[in-house]
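Student: A single structure is presented below for examination.
In my numbering, the protein residues as written are 531 to 643.
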């Protein structure tokens with residue numbers, strides 16, 4: 531195995547780890563926001579209680595979503611780099627289903643004009 535292939539494998543593994551970490555952070559922040567809203571209702575507190583903090587959580591969710599979008603875009607860019615340099619990017623095996631480049635399948639044939 532060449533050095534560029536070994537490097538490609540390391541980058542692919544780190545990319546996958548990063549994607550999962552961002553998804554985990556996003557899910558945890560969603561849960562925190564939901565617990566804040568549910569807790570306020572359970573404690574019979576006014577909607578204004580904790581609103582500033584909830585605004586911060588929503589801002590954090592937006593930032594995490596932006597990070598997720600950037601990671602997905604980087605994934606696509608790294609795929610192009612791998613292809614340009616003849617690095618086999620599935621060398622480690624894929625364990626996740628990916629959407630088609632058109633955005634996924636629907637089970638129906640597309641109509642083309």
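Virtual Cβ for every residue (Gly too), placed ideally from N, Cα, C.
Being a predicted model, the structure only gives us computed values, none of them experimental.
Report buried or exposed for residue 618, applying the criterion of at least 16 other Cβ atoms within 10 angstroms of its Cβ.
Tutor: Around the beta carbon of residue 618, a 10 Å sphere encloses fewer than 16 other beta carbons of the protein chains shown; the residue is thus reported as exposed.
Student: Ignore the nearest five residues each way along the sequence and tell me which others in residue 591's own chain have a CB closer than 6 angstroms to its CB.
Tutor: 559
Student: Answer yes if the segment 542 to 553 comes into contact with the segment 576 to 593, meaning at least three C-beta pairs across the two stretches below 8 angstroms, and no otherwise.
Tutor: With a cut-off of 8 angstroms, the segment 542 to 553 and the segment 576 to 593 do not count as touching, because too few Cβ pairs lie within range.
Student: Find out if the Cβ-Cβ distance for the pair residue 594, residue 555 is shorter than 8 angstroms.
Tutor: yes
Student: For residue 607, tell me which candidate among 533, 532, 538 has the shortest Cα-Cα distance.
Tutor: Nearest of 533, 532, 538 to residue 607, Cα basis: 538.
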